[in-house]
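Student: Below are the C-alpha cells for one structure; questions will follow.
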Amino acid sequence: MIYRKAKFEDVEAIYELVADYAGQGVMLARSRNTLYETLRDMVVAVDEDGSIAGVGGLHIIWDRLAEVRTMAVAPDKRRRGIGAEIVRRLIEDGEVLGIEKYFTLTYQPEFFKALGFEVINKEELPHKVWKECIDCPKFPNCDEIAMVKV
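Under full-length UniProt numbering, residues 1 to 150 are what the sequence shown spells out, in order.
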C-alpha cells in the first residue's frame, strides 16, 4: 500500500468511495467541488493496482485546531489498518504545523476511539467548527458524534 497526498486524478475515485458510504447513511456526502477545494487536505492509500483504497483529510479550522474528515476505506479493504494509518499520517502532518487538538464528527465512533479519540458534547467545540455545517442537508439536526484527540 502506498500512502501519498491526493492528486487531481484521484478526485473521481474519492468521490465514488465517499458517495457509496453516504448513500448508506454512514458518512456525509462531499461534492466534487468540495473535494477539489480540499484536495491539499487529503491523504490517499493507493493499492498495488493503482486504485484508491482509502482517503482521509485534515482540515484546519482555527488556531491549533483541525478536523479529521472525509475518512473512507474501500469496503473490500477494511480491517487492514488502512484507515488507522491514514489518520496517523494526518496527525503527523498536523503536528508539523503545530496542531494541538484534533476533532472529528463521525458515525463510526469505535474506529476513532481505537485511535485515541474521545466522545464529547458538540457544544464543546468552538463556533468556527459549524461554519460549513450550514450547507449540510442535516443542518441543524446533526446526528454525528463529536470526538476529540488532544
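The beta carbon of each residue, even a glycine, is placed where N, CA and C say it ideally should be.
Pull up the DSSP beta-bridge partners for Ala-146, would you.
Tutor: Here the question's residue 146 lines up with position 146 in the sequence shown. According to DSSP, Ala-146 bridges with Leu-105, Ile-120.
Student: Cβ of Val-87 within 8 Å of Cβ of Leu-65?
Tutor: For this step, residue 87 is matched to residue 87 along the sequence shown. For this step, residue 65 is matched to residue 65 along the sequence shown. Going by C-beta atoms, Val-87 is not nearer than 8 Å to Leu-65.
Student: Taking all protein chains shown into account, decide if Ala-29 is buried (16 or more other Cβ within 10 angstroms of its Cβ) or exposed.
Tutor: Taking the first residue of the sequence shown as 1, we reach residue 29 at position 29. Classification of Ala-29: exposed, given that the 10 Å Cβ count is below 16.
Student: Which two residues bound the contiguous beta strand (DSSP E) that contains Glu-9?
Tutor: Counting from 1 along the sequence shown, the entry for residue 9 is found at position 9. Neither: Glu-9 is in no beta strand (DSSP E) and is coded neither H nor E.
Student: Buried or exposed: Val-120, going by 16 or more other Cβ atoms within 10 Å of its Cβ?
Tutor: One-based indexing of the sequence shown puts residue 120 at position 120. It should be noted that the sequence gives Ile, not Val, for residue 120. That one is exposed.
Student: Using the C-alpha atoms, what's the distance from Glu-124 back to Lys-5?
Tutor: Numbered from its first residue, the sequence shown carries residue 5 at position 5. Numbered from its first residue, the sequence shown carries residue 124 at position 124. Lys-5 and Glu-124: Cα-Cα distance of roughly 31 Å.
Student: Go ahead and pull the three-state DSSP assignment for Thr-38.
Tutor: Here residue 38 refers to the residue found at position 38 when the sequence shown is read from its first residue. The answer is coil: DSSP assigns Thr-38 none of H, G, I, E or B.
Student: Below 8 Å, can you find three or more Cβ-Cβ pairs linking the stretch 29–38 to the stretch 2–17?
Tutor: Touching, per the Cβ criterion.
Student: Can you say whether Glu-67 is buried or exposed, counting buried as having 16 or more other CB atoms within 10 angstroms of its CB?
Tutor: In the sequence shown, residue 67 corresponds to position 67, counting from 1. Per the 10 Å Cβ criterion, buried.
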